[in-house]
Structure formats: C-alpha cells, structure tokens
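**Student:** Encoded as structure tokens, here's the structure I'll be asking about.
Protein chains in written order, with the numbering used here: chain S, 844 to 1175; chain A, 844 to 1175.
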C-alpha cells in the first residue's frame, strides 16, 4: 500500500466502521497497512478498501502491534477493554465512544472548533457525541459572534445512530406495515416505524438521558465554555440517516441576524441553507451522505432577550463520527 | 333521530370531519338531524352516522337554515366565506380553522382550561391549533401550580394534520421506497417518508412559521396570560397520527417535581405516562386514537432557574380538533 500509516479500525463491520473506510478512501488518508478488527462473530468477513479485499480479524489485546492510528467505533465497553492495550502498543487511539470523552487528560476534539486541543494528547483522543457535533458546528460560530450562554434543543435522530441492526429494524417494520402484518421491535423498546421515541440512551437519576446531557457536558469541554448549559430532549425518528436539531440559543451579547448569517455562511464544514420562502432549509434526507452540516431556519428568538432559533441537520455517521475521526488523525 | 340538535358538519369528508362523526357517536351527542357539507367535488358521497347513511351535500351560503350547531373543519378560507352566513342563519359555529381565533369577540376554548369563556360567545367559538391544544393540556396544570412564563418547544407533527391527502402521500412514498422506486412529493415540498421537515404552515417576516406562533398567541388567550411567550419550531414527521411536543418551560415560582407530577396526574383529559426506567413515556403511536393526551419525561430543567422539561403526545385529530369541538358544543 505504499508510504503512510499502519491503521487499525475497531468495530470495522459496524455502521460507523464502514463509513470510516469510505472516508479514508475519499480523503486519501495515507494508509500503508490496514487491520480491520471486530468481534469473533464478524471475523473472517471480507471488506473492501481501495479495491482490495481485507479480511476482518478477531479483536484481541495483542491486535495493535505496530499500529500507528487505531480508530475505535465499538461502544464504551469495548473501548474500556481494548483502548489501554492499544495505547500501550504505541498506537494513537481515536475513540468514538463516550467512555473517555470527559476525562481530563483526553482531548475531545471537533477540528473546526478546537483543533489545538488535539496536540496535548497522550495516545488517546475522543470523538464527540454525534448530535453534539452536528449542533456545535452551527453553535460555535454563533458563540464567537455573540457569546453563547445556554441552549434549549430537541433532536430528531436517525436510526443509523443505533447501528446496522436498527437500520434493518426500521426497514423490516416498514415492510411489515405495508403488508399489513405486525411489526416486531427488538433494537428499540417500541416500534420506530411511523412513530417517534423520546428516548436515546439510558436514563439518569435527574430524568434526563445520558445522550441529552452530552451537549452540555461535551459542549463545555469542546468550546472551553464552563458556564454553558443545555437542556435537550433527544428523540429517535424514523429517518435512516442524518440527525437534526431544533435549537433556541441564548447569548451574552445582543444578536444581529445579518451577523449571525454571515458567521454561519463562513463557518468551516457548514452550509447555510436558509431560503424558507423557496422551501429551502436543512432536512436529514438532504444532509445524508454529505460531509458538510447544514444550518437554516435562522431567526431572532421570540422568547429570549439575546436569542436565536435555528435548525441544523448533519450526517451523524460522517461529521458525527467517521469524518470527524479521520479529520482528527489528519491534524496529527 | 329523536330529540336533540340540528347539526351541520362543514368539511365532513376531511380527516377531522370523519373524526367529528365518530366523536359525536361515541359521546352520544344529541343529534336530531345531521347535515354533512363539503365542496361540490365531494357532494353525493355517502357517509355513515349511527349506522345510517347520510348523503354529503354541496356547501352553500343557504346551507344553514334551521341548524343549531355548525362544526367547521374546512380551513380558513372556507371559514371566512361561510361562517358569516351560518351565524346569520342562527347557528352556533364552532370553527376549527385559524381564521377567527384571535378576534376579540370570539372565544377560543379548551374546555379543560377556559370553559367559562365559551359563555360569552356571539354565535362563534374557535377551536385552538392542534399542537397548541396538546401542549396546553399539560402546560396549564403546571401553570396553575407554578405560574408559567415562557416555553421553548419543538414539535413532531403527524401527517394527518395536513389532511387525508397527506396521509395518502406518506403511504405512497413508503410503498415506492419499499419497491425501490422514486417517491413523489405533492402535498409537502419535500419527501416526508424517512425525512423530517422543519416547516408547518407558511413563513412570517420574522422567520417563524404561522404555526410556530400559535402556541404563544393562542396560549396567551386561552390561559389568560398576556405575558406568556413561546419560541417553537414546528416539524412534520413521518407519523400518521398524533402530535408530540418537547417542551422546556420556565415558571415564576420554584418548581417541585412531586407537585408537578401530582398536578399532571390530576389534570382532566391528561394521563401521566412517566416510568422511563420501564420505557414508559408518551409516544404518538400510543396516543393515536385516544381522547386523552399523555405527558411524561417530566424532569427539572437543567438550563432554567425555575424550569421543567417534559414531553407530550396527543391525537391532534381528537383533542386537537374533533373532540375539543364536540366538548365545546357540550358546554353550551
């Protein structure tokens, strides 16, 4: 494979793992050797990278010998078990799970926002939560313009955020419904087809879900904004791909719609799609498969002193996961 | 048909009109004579009421002779044209459109909240917006407990809110998708299957849609709360029936979760469905077809001084339209 890095992908067969391979191809990430790792269940499967077959290997503690970059997208439990041996073997780990995101010695990075934080890594950099990443792509430019204080947000999260089995579950439920037969729910606690579920992740004592607190907790760390608060309701919707978020944001300084538009239009990795009269605003179907997030429906908030309301859509498998991870590796 | 009122239903063949007939049957509304009115396109169609066929008549200015109650669910334009002749003929009109809702001399009524307002009618009472009605069913009991000041809300609105054609459009798009062919969009400006659209109703100069301002404008009038403000994002989702709303609400007085739970559990027309650990919370699929709205996901808001977050689902064809209209007639 020529000059470049020895790269391992943990959770290679999952929804994010598959995207990671495509993103590295598209961005011509310098891969000299590629090791695809997954549970023993998926071992032996062949995946394609740059037109060549690569056989998936069974993940073990000794899988990281000689690896330069290890992309983890295998959930928190696997990350807690296998990130330490990967670091010990000298790999730089970029982990997509929530396991280490809030640890003081682990940078949590969105390259368009806090690229410099990546430099202080000690062999591990965390990738942010997908909904948080999509929302911050629009909130951070507005923060720079007006000083962000707090947000009230509600999400519209695609099933691909729950992985390949959830995509299949929505497909099967829709087919069952068209055929007039009963739809089975296994991945989600209730039917997701033709329904919306106000639960993503598990519940905390406070009544918020873990997912709902990520925007505040991760947002504070990524934006270096200790006082930032975010009240979020995270909702799963029957969309295959791309998350959307409705946001009311309060700022320290008076807002101007022109300045806000300008800030969003110039923001890296973001497109301002905002011609409501022509029915042009972000939708998940439009954002799916695109590297760039989309912001629109920008308006002066009618219930806040210095506030803006907006709507953001972004492909959470890309900016919310695979793309952001590869961008982090590119920084280093 | 025995003793009772002479009732006219305008827009009888629409999604709400059909529900009106079912609600009057179920609640044994005293109908002595029934006149079903619709555009000439639907005239001649037969509909069933209490096991008898009723032929739909073409709506005209002379359709209201002898009518006691005229239920209008035919949109604002038809309401502006035909409500005046109906009132002139002596009928009491209960109008589901937004045409007269904010007029000073027209009561806007949710019987569980401001039943007494109905008494001052001059032949016309307005039925509130569906999303507003569903949200206020939970917000008003909380207002009584803590004094409501403002809300930040995002809606998840079912396609049946756009009428029978929109239900058909979602069905056709889903079928097309299962067959792998292209989905046509006619009712909505973009595909609604496997998508969400941050537009309900048309846009105002401010960037909000008309639908989004209804919660503030109608909420002030219904709750007698002039200072109430509401920043809302209204979103259409691929759900057939029942709207949901994610709400962060700020109050004048300190909140208590126990008092809030108690207020919601005792609220008329509302069920508290709130055992998140057991995956019990309102969903549109659960709320569909039910007279009672559902509230859940109640929690102390993490970004407000005196705030609560909650999630409400309700069948907008029932509480948001047909049921509320019949309840208003029952008051009189």
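Where a beta carbon is used, it is the ideal one built from N, C-alpha and C, also for glycine. None of these values were measured; they are calculated from a predicted model.
Pull up the CB-CB distance for residue 1074 (chain S) and residue 1001 (chain A), whole angstroms please, since I reckon it's below 8 Å.
**Tutor:** In fact, because the Cβ distance is near 25 Å, the residues do not count as touching under 8 Å.
**Student:** Taking buried to mean at least 16 other C-beta atoms within 10 Å of its own C-beta, is residue 871 (chain S) buried or exposed?
**Tutor:** exposed
**Student:** Output yes if chain A places a C-beta closer than 8 Å to the C-beta of residue 844 (chain S); else output no.
**Tutor:** Note on residue 844 (chain S): pLDDT 46, under 50, position unreliable in the model; the coordinate value appears next. Closer than 8 Å: no.
**Student:** Looking at the secondary structure, which residues open and close the beta strand (DSSP E) in which residue 1015 (chain S) lies?
**Tutor:** That residue, residue 1015 (chain S), is in no beta strand (DSSP E); its alpha helix (DSSP H) goes 1007 to 1021.
**Student:** Establish whether the CB of residue 1050 (chain S) and some CB of chain A are separated by less than 8 Å.
**Tutor:** yes
**Student:** Which residues does DSSP list as the beta-bridge partners of residue 1136 (chain A)?
**Tutor:** Answer is A:1113.
**Student:** Taking Cβ-Cβ distances shorter than 7 Å, what residues in chain S pair up with residue 1124 (chain A)?
**Tutor:** 1041 and 1042
**Student:** By the criterion of Cβ-Cβ separation under 9 Å, what are the contact partners of residue 1159 (chain S) in chain A?
**Tutor:** Ordered by position in chain A, no residue passes the 9 Å Cβ test against residue 1159 (chain S), which lies about 14 Å from the chain.
**Student:** Which residues in the same chain as residue 1033 (chain A) place their Cβ atom closer than 8 Å to its Cβ, once the five residues preceding and following it in sequence are excluded?
**Tutor:** 1040
**Student:** Using beta carbons (cut-off 8 Å, strictly below), is residue 858 (chain A) in contact with chain S?
**Tutor:** no
**Student:** Where do the ends of the alpha helix (DSSP H) carrying residue 989 (chain A) lie?
**Tutor:** That run of the alpha helix (DSSP H) goes 973 to 989.
**Student:** Residues of chain S with a CB under 8 Å from the CB of residue 1108 (chain A): which are they?
**Tutor:** The contacting residues do not exist; residue 1108 (chain A) stays about 16 Å from chain S at best.
**Student:** Taking only beta-carbon positions, decide if residue 1146 (chain A) is within less than 8 Å of chain S.
**Tutor:** yes
**Student:** For residue 848 (chain S), write down the residues that DSSP places opposite it in a beta bridge.
**Tutor:** S:874
**Student:** Between residue 895 (chain A) and chain S, is there a C-beta pair that is closer than 8 Å?
**Tutor:** no
**Student:** If you measure from the beta carbon of residue 1142 (chain A) to each beta carbon in chain S, is any gap under 8 Å?
**Tutor:** Yes - at least one Cβ of chain S is within 8 Å of the one on residue 1142 (chain A).
**Student:** Looking at chain S, which residues of the region 1055 to 1085 of chain A have a Cβ within less than 8 Å of any of its Cβ atoms?
**Tutor:** 1056, 1059, 1072, 1073, 1074, 1076, 1078, 1080, 1081, 1082 and 1083
**Student:** For residue 912 (chain S), report the span of its beta strand (DSSP E) as first-last.
**Tutor:** Unbroken beta strand (DSSP E) run through residue 912 (chain S): 912 to 915.
**Student:** Given a cut-off of 8 Å on the beta-carbon distance, is the pair residue 1092 (chain S) and residue 1151 (chain S) in contact?
**Tutor:** yes
**Student:** Given that a residue counts as buried once 16 or more other Cβ atoms are within 10 Å of its Cβ, and exposed if not, what is residue 964 (chain S)?
**Tutor:** The residue is buried, with at least 16 neighbouring Cβ atoms inside 10 Å.
**Student:** Would you check if the region 944 to 952 of chain S and the region 871 to 889 of chain S touch, i.e. whether three or more CB-CB distances between them fall below 8 Å?
**Tutor:** no
**Student:** Please state the DSSP three-state secondary structure of residue 1118 (chain S).
**Tutor:** strand
**Student:** Identify each residue in the region 1005 to 1020 of chain A for which the Cβ-Cβ distance to at least one residue of chain S is less than 9 Å, and report them in chain order.
**Tutor:** 1013, 1014, 1017, 1018 and 1020
**Student:** 8 Å is my cut-off, CB to CB: does residue 1149 (chain S) come that close to chain A?
**Tutor:** Chain A places no beta carbon closer than 8 Å to that of residue 1149 (chain S), leaving this residue out of the contacts.
**Student:** Check for me: the beta strand (DSSP E) holding residue 1057 (chain A) runs from which residue to which?
**Tutor:** Premise fails: residue 1057 (chain A) lies in the alpha helix (DSSP H), 1053 to 1066, not in any beta strand (DSSP E).
**Student:** Measure the beta-carbon distance from residue 1095 (chain S) to residue 995 (chain S) and round it to whole angstroms, keeping in mind my assumption that it falls under 8 Å.
**Tutor:** Their Cβ separation, rounded to whole angstroms, is 16 Å, which puts residue 1095 (chain S) and residue 995 (chain S) out of contact at 8 Å.
**Student:** Bridge partners of residue 889 (chain A), per DSSP?
**Tutor:** In DSSP, residue 889 (chain A) forms a bridge with A:898.
**Student:** Bridge partners of residue 1086 (chain A), per DSSP?
**Tutor:** A:1157
**Student:** How long is the line joining the alpha carbons of residue 1135 (chain S) and residue 903 (chain A), rounded to whole angstroms?
**Tutor:** 54 Å
**Student:** Please compile the residues from chain S whose C-beta is within a distance smaller than 8 Å of the C-beta of residue 916 (chain A).
**Tutor:** Within chain S, no residue comes near residue 916 (chain A); the closest Cβ sits about 23 Å away, beyond 8 Å.
**Student:** Between residue 1127 (chain A) and chain S, is any beta-carbon pair separated by less than 8 Å?
**Tutor:** At least one chain S Cβ lies under 8 Å of residue 1127 (chain A).
**Student:** Compute the beta-carbon to beta-carbon distance between residue 1066 (chain S) and residue 1122 (chain S), rounded to the nearest angstrom, for a pair I have assumed lies under 8 Å.
**Tutor:** Between residue 1066 (chain S) and residue 1122 (chain S), the beta carbon gap of about 32 Å keeps them out of contact (Cβ cut-off 8 Å).
**Student:** When DSSP labels each residue in this structure, what does residue 924 (chain A) get in the three-state scheme?
**Tutor:** helix
**Student:** With the cut-off set at 8 Å, would you say residue 1120 (chain A) and residue 925 (chain S) are in Cβ contact?
**Tutor:** no
**Student:** Would you give the residue range spanned by the beta strand (DSSP E) that residue 936 (chain A) belongs to?
**Tutor:** It spans 935 to 938 - the beta strand (DSSP E) in which residue 936 (chain A) sits, taken as one unbroken run.
**Student:** Can you check whether the CB of residue 899 (chain A) is closer than 8 Å to the CB of residue 855 (chain A)?
**Tutor:** yes
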